[in-house]
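The structure appears below as structure tokens.
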Amino acid sequence: MFTDTPIFSRLVAERGDVPAEVRGEADRIHRDLARVMPPGTGLPGAGPHAPGPMGPPPGR
Numbered sequence: 346m347f348t349d350t351p352i353f354s355r356l357v358a359e360r361g362d363v364p365a366e367v368r369g370e371a372d373r374i375h376r377d378l379a380r381v382m383p384p385g386t387g388l389p390g391a392g393p394h395a396p397g398p399m400g401p402p403p404g405r
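One gets the numbering used here by counting positions in the sequence shown from 1 and adding 345 to each.
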């Protein structure tokens, strides 16, 4: 991404490679979720016609 810029190199030296750490954590969370909630399974009732958080639209 920005690996060729001096400011990025300096920040990585000072703070560590935060974007790489975040990507690693996101990948780990994704794997953990895939184990407990296989792809294709969503929240119960979260189908295309399920009411949103505010309930069904007016007139229904």
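Even glycine gets a Cβ: it sits at the ideal position worked out from N, Cα and C.
Computed from a prediction, not measured in an experiment: that's the story for all the values here.
Indicate the three-state DSSP secondary structure (helix, strand or coil) for residue i in the structure shown.
| i | result |
| --- | --- |
| D372 | helix |
| P364 | helix |
| P351 | helix |
Taking 6 Å as the limit between beta carbons, can you name the residues of its chain near residue i, skipping five residues before and five after?
| i | result |
| --- | --- |
| H375 | none |
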